[in-house]
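> So that we are looking at the same thing, I have put the structure below in structure tokens.
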Amino acid sequence: MALTVIQHVLQRLAEIGVADVFGVPGDFAFPVNDAICRDPKLRWVGCCNELNAAYAAEGYARIRGVGALCTTYGVGELAALAGVAGAYAERLPVFHLVGMPRMATQRARAIVHHTLGDGEYGLFQRMAEPVVCARAVMTPQTAAAETERLIAAALYHRRPVYMAFPADLAGKPVLDAAAPVAAPRSDPGALEAAAEAVAAALEGARTACALPGLAVARAGLGAELQALIDASGLPFATMFHDKTVLDETQPAYAGMYDGALMNEETRAFVESRDVIVAIGALMTDFNTGAFTARLDPARVVSIDAHETTAGGAVFQSVEMGDLLRALGARVKRRDWERIAPAASPAATGSGGDPITAKALYPRWASFLREGDVLVAETGTVSMGLGFATMPRGANFYNQALWGAIGWATPAALGMAAAAPARRVVLITGEGSFQVGGQELSQFARLGLKPIVFVLDNDGYLIERLLCADPEIAYNDVAPWRYAELPAALGCKGWFCARVETCGELDAAIDRAEHADGGVFIEVVTGRYEASDLSLTLSARLKALSAE
């Protein structure tokens with residue numbers, strides 16, 4: 003029998019790597035919800051709200067390369083929209099499946115629930131348009147062709163797409179046929195010219211380094227980039243958003259480059275190179291140390307997803323993967339000048355000493371082990387861990403560009419679902435945890451066992467550092483009893499603790515190392531215990547706002 007419209011779409015999503023669909027059900031989406039639950043290749047992961055589901059799908063896509071989200075029309079899809087926008091900013095292909103009212107309802111412009119009561123049924127698609135790279139209403143006559151178009155667009159642009167399913171059409175047989183769109187290929191002449199230009203720039207340089215960026219990870223090209231680093235001998239540094247694109251334990255690693263804010267030796271090394279090969283890096287405020295980076299454009303070779311700039315020339319229709327492979331075969335290995343990253347500071351404090359930033363962040367860094375997935379909420383937490391050298395095979399994830407409060411907990415759920423064999427360590431602030439912390443219940447329901455640290459510093463610390471009046475009321479949050487929440491949310495058998503001293507923290511970390519189930523540790527610090535980067539960055543941003 004022919005597949006239905008929704009069955010066809012789900013089959014194709016499974017073929018490109020989707021095994022879990024995150025969402026919240028709704029009556030207009032029931033045909034989609036039913037098909038997901040009945041598909042043996044897929045798992046429905048019901049989240050506590052649509053925004054969290056979008057964050058979970060975004061986190062899933064960081065691990066698997068693609069993610070999927072399902073909501074109902076209007077009220078559901080708009081609740082998820084900020085999370086979809088985050089996936090757009092962070093270059094992540096998320097397929098947003100939206101259940102719509104029946105076509106007869108739409109043609110009659112009937113006033114039904116989940117609408118604005120104006121008979122307008124294309125409005126929410128238009129609202130989504132700025133934060134997706136393609137969209138379509140799926141019908142029996144167009145489902146196959148539109149599915150391939152949207153998959154191709156999502157993978158080419160590394161952005162979300164929007165797929166709407168009228169309730170009466172989702173279960174109809176597919177009437178068209180279409181083959182998958184071939185992956186984009188480089189123009190042979192442009193590829194050869196780009197490879198020659200980059201190789202010539204390196205050959206003529208006395209010093210050089212690479213700056214690999216997140217676009218490499220999004221495209222799944224880490225192995226190709228590592229092969230180029232090995233073949234060329236090039237040293238590399240990474241910027242804040244790009245941490246762990248490559249393994250940080252290898253001799254080629256020169257440390258984190260964050261403009262003039264941190265790591266002066268790394269800054270001097272990068273900025274003094276004759277050639278700097280930027281590979282998929284975004285020059286954002288966080289990456290450039292609040293725009294304190296001083297990279298001479300004349301010395302920067304930029305390898306982007308679909309074009310390359312070198313020697314003042316732009317080579318279009320050059321795919322990053324093709325160019326990395328061509329360079330790996332072309333460049334000659336040299337004994338380039340290297341530096342070692344700065345050593346991580348030792349932890350301070352013991353026994354009954356209060357937990358300070360200098361006591362906390364080195365302990366967290368030492369706790370990490372090979373292969374970990376570290377999810378660090380954007381703010382003082384990620385800034386405190388961004389300059390720690392990650393163990394071999396470990397990944398550091400944050401949302402440095404979109405920077406949505408509350409992202410980390412549901413995103414960690416998506417990552418844990420995508421990689422159940424890896425240890426997921428979630429570190430978030432208590433203000434952020436209040437936004438999405440209810441998704442702890444989904445970890446328990448799915449049998450996942452994360453290690454969760456909630457930093458309780460009595461409010462929004464990063465906001466206190468950035469605003470004119472740190473003690474203003476909007477920086478305060480309600481005082482929850484965080485360590486008691488896992489039990490209330492169904493996390494049976496988890497080790498939970500609230501720690502206020504270095505000795506209590508050390509004991510809790512030791513228990514976490516040997517725990518058989520999930521772990522939840524509330525870490526209480528003083529209100530202004532801030533990481534070094536958060537202090538320097540906030541000072542720089544305040545200075546910029548005053549200019």
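Start counting at 1 in the sequence shown, then tack on 2, and there's your number in my numbering. In this text, a Cβ means the ideal position worked out from N, Cα and C, and glycines have one as well. Predicted model, so just to flag it, every value in this text is computed and none were measured.
1) Closer than 8 angstroms is the cut-off here; do at least three beta carbon pairs connect the stretch 76-91 with the stretch 159-167?
2) Can you tell me where the alpha helix (DSSP H) holding Ala225 begins and where it ends?
3) Report the partner residues of Arg500 according to the DSSP bridge assignment.
4) Tell me whether Arg104 sits in a helix, a strand or coil according to DSSP, three-state version.
5) Have a look at Asp178 and Glu79 and give me their C-alpha separation to the nearest angstrom.
6) Hey, how far is the Cα of Leu467 from the Cα of Ser536?
7) Assign Val20 to one of three DSSP states: helix, strand, or coil.
8) How would you label Lys43, buried or exposed, when you count the other beta carbons within 10 angstroms and need 16 or more for buried?
9) Quick one: what does DSSP say Trp46 is sitting in, helix, strand or coil?
10) Taking DSSP as the reference, what is the three-state secondary structure of Ala560?
11) Once DSSP output is grouped into helix, strand and coil, what is the label at Leu213?
12) Take the Cβ of Arg93 as the centre, count every other Cβ of all protein chains shown within 10 Å, and call the residue buried at 16 or more, exposed below.
13) Taking the alpha helix (DSSP H) that Pro488 falls in, what are its first and last residues?
14) Please go through the same chain and pick out, in chain order, the residues whose beta-carbon is closer than 6 angstroms to the beta-carbon of Glu273, but skip the five residues on each side of it.
15) Going by beta carbon distance, what residues of the same chain come within less than 6 angstroms of Tyr462, once the five residues before and after it are set aside?
16) Following the continuous alpha helix (DSSP H) through Pro190, name the residue where it begins and the one where it ends.
17) Could you pull out every residue in the same chain whose Cβ sits closer than 7 angstroms to the Cβ of Val437, ignoring the five residues on either side in sequence?
18) Does Ser304 come out as helix, strand or coil in the three-state DSSP assignment?
19) Which partner residues of Asp458 appear in the DSSP bridge assignment?
20) Going by alpha carbons, who is nearest to Gln14 out of Ala219, Ala82, Val183, Trp338?
21) Helix, strand or coil: which one does DSSP assign to Cys72?
22) Less than 8 angstroms between the C-beta atoms of Tyr62 and Gly381, yes or no?
23) According to DSSP, Gly25 sits in a beta bridge with which residue or residues?
24) Would you kindly report the start and end of the unbroken alpha helix (DSSP H) that includes Val2?
25) Anyone know if the C-beta pair for Glu309 and Val320 falls short of 8 angstroms?
26) What residue range is occupied by the uninterrupted beta strand (DSSP E) comprising Asn397?
27) Comparing C-alpha positions only, which one of Glu339, Ala56, Met285 sits nearest to Asp276?
28) For Leu547, count neighbouring Cβ atoms within 10 angstroms of its own Cβ and tell me buried if that reaches 16, exposed if not.
29) Would you grab the beta carbon distance between Ala262 and Gly291 for me? Rounded to a whole angstrom, and I think it's under 8 angstroms.
30) Does Ile474 pass the burial test, meaning 16 or more other C-beta atoms within 10 Å, or should it be called exposed?
31) Report the option in Glu379, Phe167, Ile305 whose CA atom is closest to the CA atom of Gly282.
32) Can you tell me the Cα-Cα spacing of Ser384 and Asp287, whole angstroms?
33) Using 8 angstroms for Cβ pairs, my map puts Val279 next to Ala210. What's the rounded Cβ distance?
34) Going by other Cβ atoms of all chains shown within 10 Å of its Cβ, with 16 needed for buried, is His10 buried or exposed?
35) DSSP three-state call for Ile474: helix, strand or coil?
36) Classify Arg66 as buried or exposed, calling it buried when 16 or more other Cβ atoms lie within 10 Å of its own Cβ.
In short, the structure shows the following:
1) yes
2) 224-234
3) Glu524
4) coil
5) 27 angstroms
6) 8 angstroms
7) coil
8) exposed
9) strand
10) Outside the displayed span of the chain (3 to 549) sits residue 560, for which this structure offers no information.
11) strand
12) buried
13) 487-490
14) Arg296
15) Gly433, Asn477
16) 190-205
17) Ile407, Gly408
18) strand
19) Val526
20) Per the sequence shown, the amino acid found at residue 14 is Arg instead of Gln. Arg14 has its Cα closest to that of Val183, out of Ala219, Ala82, Val183, Trp338.
21) strand
22) no
23) Gly48, Cys72
24) The shown model of the chain, from 3 to 549, leaves out residue 2, and the question about it has no answer.
25) yes
26) 397-399
27) Glu339
28) The sequence shown places Ser at residue 547, not Leu. It counts as exposed.
29) 6 angstroms
30) exposed
31) Ile305
32) 15 angstroms
33) 7 angstroms
34) buried
35) coil
36) buried
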